[in-house]
């Protein structure tokens with residue numbers, strides 16, 4: 105008997121060691137649902153219907169160990185995965201002193217099955233459960249990092265008593281800090297039965313997105329697909345609106361509430377994606393088409409990082425109301441609370457007479473993407489995108505095939521039509537060439553013989569409108585202390601004994617100055633300069649500035665110079681002209 109026990113324990117250890125080789129990564133964009141087929145419908149035909157609707161994982165019904173394994177077998181046959189619900193992964197298991205062994209046995213039961221997607225733990229927990237949920241989630245992740253330990257959170261409209269936290273932002277932060285989940289999932293049902301929408305749909309998306317980015321967790325959302333309580337039966341446009349606005353906000357997983365219809369709901373006329381017998385209902389074909397698009401777009405979206413989400417500004421003469429201060433609220437009102445308005449520094453400019461949502465993204469190579477979603481499911485939107493000058497091309501992703509189709513730009517503008525609730529994913533082509541830092545200049549020889557080229561001179565003080573034309577640098581005096589700076593020099597010690605300047609000065613003080621900085625003393629100061637006499641008579645003169653005798657020049661590596669053509673006295677608006685500056 106002892107030998108058998110050792111064999112079993114060794115097998116469990118080897119099993120969990122084998123599973124702990126890689127971390128959880130979805131094979132494709134996760135698309136699931138809440139409330140799946142009941143135990144009596146756990147058949148191959150049922151799971152084929154789930155797969156045909158475009159879901160990437162099913163489950164979400166507790167079948168017991170044997171029923172779960174049978175579900176996994178069926179899901180493997182139809183080419184999808186499944187989330188298992190097993191009471192041993194939920195809070196009650198912590199009542200056992202050997203709860204870690206219980207979880208180890210759960211992993212041994214399911215962890216090696218190719219169709220396993222993850223382990224359900226808890227829905228909409230209160231803060232008081234966070235510590236215990238963290239124990240379970242982190243232990244499952246340690247034992248089986250390839251599969252998802254799943255917890256789902258409340259939406260923003262939950263009460264303080266439901267949350268156990270003073271604000272929703274606190275709820276997210278404490279959950280992420282204590283539980284340390286693999287993903288950040290929540291539900292939000294915005295479509296109310298009085299033909300209005302919840303006012304915080306977009307704010308909830310924004311809070312989830314920000315928290316997920318801050319903690320580097322993929323954000324998921326559960327959307328409405330069942331008329332129940334005070335929620336309406338979603339139209340095709342409303343289903344698309346829920347999905348595409350979520351994708352614009354960077355969601356990396358979509359689930360539907362619900363897939364299956366409970367018989368009691370069906371008696372009340374409340375039908376989900378399939379009816380109580382598992383037969384496709386009205387939403388089935390709508391969701392199937394939508395899931396196809398999500399999976400196609402998801403091949404790109406999964407690898408992108410959300411860099412911003414914006415709502416377009418209301419045109420002055422649009423005649424459409426801003427977001428109201430009291431119900432009813434409508435999704436196509438401008439400026440939803442808790443959102444950011446598109447500004448001048450965005451990836452693209454967007455104009456139009458209907459509000460849209462603009463999500464900006466980057467891939468690992470820095471390529472920019474934009475997902476533009478119609479903020480309304482009641483009205484189509486015609487919008488004009490304006491790209492930045494460095495963008496040389498725009499490609500639109502076909503949500504059916506995944507093909508990136510080139511678009512025709514009119515100047516830097518692209519016109520798009522967004523159907524009700526629709527969205528479009530665009531890739532911006534072109535590369536911004538950032539200027540490389542110039543290597544240090546090893547000699548002083550500034551001739552100003554190339555029009556428009558100041559040859560690195562900058563830091564103009566009391567001097568304006570520097571213009572290089574006809575072999576001359578011309579400057580306009582604006583104050584009492586005119587000077588200009590040339591940094592980024594790499595002179596060798598004792599390379600020059602003098603600096604020569606040919607310039608023409610207006611009436612001013614008859615004295616100029618040359619300052620410098622060295623590798624040992626990098627700031628301009630009164631211990632590193634030389635005065636030299638000038639003739640302010642409006643004629644050309646050459647000046648030789650002896651620097652070699654100065655103790656802070658001699659033997660020093662000079663890294664920059666500052667020329668003060670005069671110590672002051674020139675009238676504002678008068679001109680200083682410089683022909684050349686040379687080292688001797």
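In this note's numbering, the protein residues as written are 105 to 688. Glycine is no exception: its CB is placed at the ideal position from the N, C-alpha and C atoms.
Between which two residues does the alpha helix (DSSP H) containing residue i stretch?
{"i": "residue 719", "result": "Because residue 719 is not part of the residues shown, which for the chain are 105 to 688, the question remains open."}
{"i": "residue 565", "result": "Premise fails: residue 565 lies in the beta strand (DSSP E), 562-565, not in any alpha helix (DSSP H)."}
{"i": "residue 168", "result": "168-182"}
{"i": "residue 559", "result": "Run containing residue 559: none; DSSP gives neither H nor E here."}
{"i": "residue 387", "result": "386-405"}
{"i": "residue 212", "result": "203-214"}
{"i": "residue 267", "result": "264-267"}
Compare the C-alpha of residue i against each of the options and name the closest.
{"i": "residue 687", "options": "141, 550 and 584", "result": "550"}
{"i": "residue 582", "options": "564, 337 and 541", "result": "564"}
{"i": "residue 397", "options": "183, 684, 135 and 674", "result": "135"}
{"i": "residue 350", "options": "456, 476 and 240", "result": "476"}
{"i": "residue 236", "options": "680, 453, 199 and 269", "result": "199"}
{"i": "residue 183", "options": "220, 454 and 210", "result": "220"}
{"i": "residue 486", "options": "528, 505 and 233", "result": "528"}
{"i": "residue 663", "options": "157, 578, 470 and 590", "result": "590"}
{"i": "residue 329", "options": "634, 340 and 321", "result": "340"}
{"i": "residue 480", "options": "181, 347, 177 and 187", "result": "347"}
{"i": "residue 224", "options": "499, 138 and 490", "result": "138"}
{"i": "residue 546", "options": "600, 501 and 575", "result": "600"}
{"i": "residue 267", "options": "231, 252 and 307", "result": "231"}
{"i": "residue 418", "options": "613, 447 and 521", "result": "447"}
In whole angstroms, what separates the C-alpha of residue i from that of residue j?
{"i": "residue 652", "j": "residue 677", "result": "35 Å"}
{"i": "residue 665", "j": "residue 584", "result": "20 Å"}
{"i": "residue 259", "j": "residue 290", "result": "6 Å"}
{"i": "residue 378", "j": "residue 402", "result": "24 Å"}
{"i": "residue 318", "j": "residue 410", "result": "12 Å"}
{"i": "residue 685", "j": "residue 455", "result": "51 Å"}
{"i": "residue 238", "j": "residue 444", "result": "33 Å"}
{"i": "residue 263", "j": "residue 373", "result": "29 Å"}
{"i": "residue 458", "j": "residue 534", "result": "29 Å"}
{"i": "residue 152", "j": "residue 474", "result": "35 Å"}
{"i": "residue 416", "j": "residue 460", "result": "6 Å"}
{"i": "residue 650", "j": "residue 634", "result": "8 Å"}
{"i": "residue 169", "j": "residue 498", "result": "51 Å"}
{"i": "residue 131", "j": "residue 569", "result": "59 Å"}
{"i": "residue 306", "j": "residue 389", "result": "27 Å"}
{"i": "residue 117", "j": "residue 357", "result": "Residue placement at residue 117 is flagged as unreliable, the pLDDT there being 48, under the threshold of 50; a coordinate-derived value is accordingly withheld."}
Take the Cβ of residue i as the centre, count every other Cβ of all protein chains shown within 10 Å, and call the residue buried at 16 or more, exposed below.
{"i": "residue 333", "result": "exposed"}
{"i": "residue 669", "result": "buried"}
{"i": "residue 512", "result": "exposed"}
{"i": "residue 271", "result": "exposed"}
{"i": "residue 607", "result": "buried"}
{"i": "residue 369", "result": "buried"}
{"i": "residue 226", "result": "buried"}
{"i": "residue 674", "result": "buried"}
{"i": "residue 682", "result": "buried"}
{"i": "residue 297", "result": "exposed"}
{"i": "residue 362", "result": "buried"}
{"i": "residue 150", "result": "buried"}
{"i": "residue 680", "result": "buried"}
{"i": "residue 505", "result": "exposed"}
{"i": "residue 251", "result": "buried"}
{"i": "residue 450", "result": "buried"}
Specify the secondary structure class of residue i as computed by DSSP and reduced to three states.
{"i": "residue 251", "result": "coil"}
{"i": "residue 451", "result": "coil"}
{"i": "residue 410", "result": "strand"}
{"i": "residue 369", "result": "helix"}
{"i": "residue 305", "result": "helix"}
{"i": "residue 333", "result": "coil"}
{"i": "residue 513", "result": "coil"}
{"i": "residue 497", "result": "strand"}
{"i": "residue 135", "result": "strand"}
{"i": "residue 765", "result": "Absent from the model: residue 765. The displayed extent of the chain is 105 to 688, so no value can be given."}
{"i": "residue 415", "result": "strand"}
{"i": "residue 690", "result": "The requested residue 690 does not occur in the structure, where the chain is confined to residues 105 to 688."}
{"i": "residue 681", "result": "strand"}
{"i": "residue 530", "result": "strand"}
{"i": "residue 221", "result": "strand"}
Residue i: beta carbon under 6 Å from a heavy atom of the ligand GTP?
{"i": "residue 284", "result": "This structure lacks the ligand GTP, and indeed carries no ligand of any kind."}
Could you please give the first and the last residue of the uninterrupted beta strand (DSSP E) stretch that includes residue i?
{"i": "residue 279", "result": "Looking at the DSSP string, residue 279 is not in any beta strand (DSSP E); the run it does join, the alpha helix (DSSP H), is 272-282."}
{"i": "residue 670", "result": "No beta strand (DSSP E) contains residue 670, which DSSP labels as neither H nor E."}
{"i": "residue 631", "result": "Element bounds for residue 631: n/a, residue is neither H nor E."}
{"i": "residue 617", "result": "615-622"}
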